[in-house]
Every structure is written in structure tokens, then in C-alpha cells.
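Protein chains in written order, with UniProt numbering: chain H, 1 to 257; chain S, 1 to 257.
Think of the CB as a built atom: it goes at the ideal place given N, C-alpha and C, for glycine as much as any other residue.
Only a predicted model underlies this, so the values are computations on that prediction, with no experimental measurement involved.
Scroll down for the structure; my scribbles are underneath it.
Protein chains: 2
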Amino acid sequence: MDPNIENESNYNPSKYRTPDGAPSDIVIFTITSTEKSTAKKALPIRELQVLLIQRKKWPFEGQWALPGGFCRETESMYECAQRELREEAGVTDVHMEYFNVYSKPGRDPRGWILSHAFFALVHEQWLLKRRADDDAADVRLVPVEEALRMELAFDHREILTDALSKVREKMLTTTIAREFLPEEFTISELYQVIQTVVPDFEERNFIRKITSTQSRKGIIEEAKDRHGEPKLSNRYSQRAAQLYRFTDFSPQLSIYS
Amino acid sequence: MDPNIENESNYNPSKYRTPDGAPSDIVIFTITSTEKSTAKKALPIRELQVLLIQRKKWPFEGQWALPGGFCRETESMYECAQRELREEAGVTDVHMEYFNVYSKPGRDPRGWILSHAFFALVHEQWLLKRRADDDAADVRLVPVEEALRMELAFDHREILTDALSKVREKMLTTTIAREFLPEEFTISELYQVIQTVVPDFEERNFIRKITSTQSRKGIIEEAKDRHGEPKLSNRYSQRAAQLYRFTDFSPQLSIYS
DNA sequence: GGAATAGTGTCTGTAAGACATTATCGT
DNA sequence: ACGATAATGTCTTACAGACACTATTCC
């Protein structure tokens, strides 16, 4: 047999240098709500936070980093990220998306390591449970603006920056806002969530745009009780507000039409 | 020293199973133009094509596949893809974007191999040069619809499907149409390019929308000669058409405003 | 004149954007 | 009554969508 012809019997991956590891790292976002100090009913103060863990081992021992871990041969990258999410944040079944690979030579002192970055959007309540469980001084929710100013391990600040800009983009072009909201919510809540993620967002006639314009009507629909009567909520206000829910519809955007 | 404490001196990556390779695979799209058979001036027939190579080695020997190759320790994934683009298609300096990783266990018979998928958008002319160079029976431009029906190596049909849907989305939400057009182009050319990539696209008042609506005006601008006179082209028509060029502006889309 | 592409006129209904106003109801 | 949030009225200008029409020039 011609030794130059490669086939199953003589294929040998180890003649090439191979990566030393392919972890996934996860940017876990949540929105915290705190009641306004005034006793009266009022909209809560919301803040976008990111979950960080303090490293216990070399490299970057003691520094804060994104949760993550090495992928195994028996799982896909997405499954790996799901496992890490469960192990490190104690949550399952949340919205998670892959967004980039980080592969710059030298990015990890342990060797040739390709990080696969995901972002996850989690309800505050799921994380709160976990944080009570282990009295973890090594797991923290940090406001994103603060996290961006911290000196994070590896290239995790770059990853966080990219994740944030991806989430902001998706917040405006898809219905991921639903991931931070209960099944049924008021228009103000939705507006607040969008503004929490995208501070520049401002839309004075928000309620009309989303409820009565032809092209957008259908993104959300009024919640009704079993008698078909509109469901209202006065959680945040004296005057009860209509509750809405997201539908499965999301418009296809285009700069040309 | 506590042997349970990992640090630079005792860190040993080889105690874990590591990937057998991290290639990049590239979906190279181009749009071919063929003159209509009628002798008269007319818009060409355009078709979206993808570059495939025929594999010479195990596995999938003889089958068609996306161009690609293994990443080296000294380069980033993007640099790897650039190198492959140069080596396999003979092109440099084209628009290329990373879009996904393919990591399902068993996807590659050679072992645990993570494919990093890019798409590239190339002018037909750059590829034509190359295809003449090597009388390559092993490199082919294939119409996308045909390629999707072929039995490609590995999970390359899935990769191609994903690339196509990504490019279609970006064709409508960004100005990547420019990658398939000369510096200066007519409105019909632009419209044709969009339709070639996104067959469903239809916009009866296209010219007015893109030239005279407040929110979109600024995506393209009229080309002018050095005397400030509008530049025209009669390449495709009896009546000369205004030439346009893309600006750096691309509107921020949102489903909420 | 016909064929092919380029581009405008015109009309109707709907939406955008800006602000003022009213509604509800616990405290 | 006031404060806070919810929601509607009103007005102007702009855009969407449809379709008929004119313009240019080679054949």
C-alpha cells in the first residue's frame, strides 16, 4: 500500500499538534429588581447583572472570571455549556446562545485553548435560590457596568463586551426580552426590561407602536382570563394595567423595506 | 508544596482528553453573471454559487466538501480561515465572518474534531482567475440549490444550510450586498443581487424607498464625477441609469420602533 | 414601433412623532 | 387632593403600497 495515501488504518491525528482544550465560557445575564424605597406602589429599579466566579486555581488564581469549563469528547459544545450552567449556576432550561470563539494564540497560559462563548438569560429568582444554597463567597452577581471595569481573568472582559453588544442587538431585534419577564407582563415592565439592557432605548409612543401598528401588532397579545375578559395587574400602579404575553411571532427586519 | 494545588509548574494538560483537531471550514459564496442570450442590452442572469472541493483522502474520499483545514497553534481561527481561503480558493481580502462551531460527537470519523464555520463573500472574477490557474477538476462552483441536494462530506450540508440562512438574514439587515457589487452600481443591480440571495425579496417601490425615505436615505448615495455631475451607466440598458455607492451608514433595526 | 430598462405622478390609507389630556385609585 | 402609573386624543408630516404613466435609446 502506498504509504502516502491516508486512510482509516493509518490515519494518525497525533502527528499534528492538537489543541490542549476546548472549553465553553458562559456569560450569564440576569436582571435584578429592587423596590423603590417609597412605600407606595411603584415600578422597581432594575439592573442588568452578570454572574462571575472567583478562580481558585492557577492561572489567574483569586481573580474573577466567567463560569465555564472544558468540553468532553462525548458532548457537543452546547451540551458542555448546559452542563456548566447547571454545575456552576444551578440552572437548567434557560435561554442560551453561542456567539463566538476566542482563539488568539497566547490567550490562555495553560496552552492552546479555544474558548467557546455563550450567553445565557436567566430570571433573577433562579439564581437567588442557588446563591443561598452555597454560602458562596466565590460566586457573585455583578452589575455589568462594574464588571466591565474589573480586571477579569483571561480575555474575559473582551468576551463580556462582545456578549453585551450581542444581547443588546438581540434585545431590539428579537423577542428575547421575554426571558427576563413573567409569562404575563405589563407594557411598562417590557419597556423597563428593554431599557435596562439597552439604556439608549427610548420610544415615547411605545404602547401604541407595539399594540396598534399593523407591522408589529402580533408580537404581543392581550392576556385574557377564562371568561375572555382582559386580565389586569395593579402590581406596580394604582390604576390596573393590561397584561400581555408574547406570541410566537417576530417580524423579519430589513433595511430595504 | 501541596500536590493538590495546581499551578504553572505542575499543570499538565495531557491528563485530560483533548480534541484531535480544530479546523475551520469556509462556505465561499459568489454570484455568477451570465448574459442573456438576446443580443440586446439586458440585465444578466445571476446565480448564487458555492465553492466545493473534491476530497482526495480518507475520510469521504471522492466526495464533495467545503474547503477548510486544521488550525495551527500559532494562528487564530480567523487567521486559519484566511489562510485556507488563500490556499484553496486563491483569494485574499474578502468579506469573511465566523458564524458557528460544529461539535456533535461523531461528526468526524478521524476523532474529536471541532469545525469552526465561516462564510466568505467573493466577487466572481476573483474565483474565475483561480479556476483557470489550476485546471482543477477538484474545485467547482456549484449553484447553492444544487449543492443543498448533494451528499456532502461530514456535516457539511448542515453547515451550508446554516451559512445560507445567515447570509440571507445579513443580506436584508446589513449592507453586505456591497460585497457582490462593484464600487459603483445601479439600483437594478443592487435589487438583483438581493433577489439572487433572497429569492423571496420583493419590493415594488424599491428605488423610492432606498433613495427618498428619511430613515433609509444615507445607505447609498449618488456617484458623481469630478465636476460634481451625476454619473450614469448604460451597461444594462438603453436609457442610462444613475450610479450609486454604499456609504458607511447602516441603520440600527428594531422590532420595537 | 417594439423591446427593455429607468424613473416619476398620484392617490389612499396607515404610521411616526410630538404633546396634551384624561383615567384610575391607593394613600 | 396628590402622586404615580396607565392610557387615549389630536394634529402634522412622512411613509407604504399600488398602479399608471412617461423617458430613453438601441434594434
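Residue i to residue j, Cα distance in whole Å?
i	j	result
S/Ser250	H/Thr211	27 Å
H/Ala177	H/Ser188	13 Å
S/Ile219	H/Ile113	40 Å
S/Gln82	S/Met96	8 Å
H/Val50	H/Glu183	23 Å
H/Ser103	S/Phe246	32 Å
H/Asn205	S/His123	44 Å
S/Phe154	S/Arg55	11 Å
H/Glu61	H/Arg149	19 Å
S/Glu203	H/Glu73	48 Å
H/Ala240	H/Lys209	20 Å
S/His227	H/Leu181	58 Å
S/Asp135	H/Cys71	Reliability fails at S/Asp135, whose pLDDT of 49 lies under 50, so the model's placement of it is uncertain and the value that follows must be treated cautiously. About 42 Å.
H/Lys224	H/Arg168	31 Å
S/Leu43	S/Val139	28 Å
H/Lys166	S/Lys57	39 Å
H/Pro109	H/His156	14 Å
S/Ser115	S/Asp248	32 Å
H/Asp162	S/Asp162	22 Å
S/His186	S/Leu141	The residue asked about is misnamed: residue 186 of chain S is Thr in this sequence, not His. One C-alpha to the other measures close to 26 Å.
H/Arg86	H/Glu75	15 Å
S/Ala147	H/Ala147	46 Å
Going by Cα to Cα distance, which pick from the options is closest to residue i?
i	options	result
S/Phe99	H/Ala117, H/Val198, H/Ala89 and H/Val94	H/Ala117
H/Leu243	H/Tyr236, H/Leu232 and H/Gln252	H/Leu232
residue 271 of chain H	H/Pro59, H/Glu88, H/Glu79 and H/Arg235	Chain H is shown from 1 up to 257; residue 271 of chain H falls before or after that span and cannot be answered.
S/Glu145	S/Lys36, S/Asp155 and S/Leu160	S/Leu160
S/Lys217	H/Ser103, H/Glu73, H/Pro230 and H/Ile255	H/Ile255
H/Thr34	H/Asp93, H/Met150, H/Gln125 and H/Tyr78	H/Gln125
H/Pro19	H/Leu127, H/Asp93 and H/Arg107	H/Arg107
residue 308 of chain S	S/Ala241, S/Ala240, S/Leu253 and S/Arg235	This structure cannot speak to residue 308 of chain S, because chain S is shown only from 1 to 257.
H/Leu164	H/Pro143, H/His227 and H/Pro109	H/Pro143
H/Lys170	H/Leu181, H/Gly69 and H/Val198	H/Val198
S/Glu158	S/Thr30, S/Ile31, S/Lys57 and S/Ala65	S/Ala65
S/Glu84	S/Asp200, S/Lys209, S/Val101 and S/Ala120	S/Ala120
H/Ile31	H/Leu43, H/Pro44 and H/Leu48	H/Leu48
H/Asp25	H/Val139, H/Ser257 and H/Met77	H/Met77
H/Leu172	H/Arg140, H/Thr186, H/Arg86 and H/Gln192	H/Gln192
S/Lys36	S/Ser237, S/Lys57 and S/Asp248	S/Ser237
S/Glu79	H/Thr186, H/Thr213, H/Phe185 and H/Val101	H/Val101
S/Gln214	H/Arg86, H/Ser257, H/Phe185 and H/Thr213	H/Ser257
Is the separation between the beta-carbon of residue i and that of residue j shorter than 8 Å?
i	j	result
H/Gln67	H/Ile28	It should be pointed out that residue 67 of chain H corresponds to Pro in this sequence rather than to Gln. Against a cut-off of 8 Å, the Cβ pair of H/Ile28 and H/Pro67 comes out as a contact.
H/Arg46	H/Thr175	no
H/Asp21	S/Tyr16	First, the amino acid is wrong: residue 21 of chain H is Gly here, not Asp. Cβ distance < 8 Å, so H/Gly21 and S/Tyr16 count as in contact.
S/Leu127	S/Val94	no
H/Leu253	S/Leu190	no
S/Pro105	S/Gly69	no
S/Gln63	S/Glu179	no
H/Ile194	H/Phe201	yes
S/Pro230	S/Glu222	yes
Does at least one heavy atom of the ligand SAH sit under 7 Å from the Cβ of residue i?
i	result
S/Glu97	Inclusion of the ligand SAH in the displayed structure is not the case, the ligand content being empty and no account of it being possible.
query = Can you list the beta strand (DSSP E) stretches of 3 or more residues lying completely in the segment 9 to 69 of chain H, in chain order?
reply = 23 to 34 and 45 to 54
key: Those runs of the alpha helix (DSSP H) which lie wholly inside the segment 165 to 241 of chain H and span at least 4 residues   = 187 to 197 and 206 to 212
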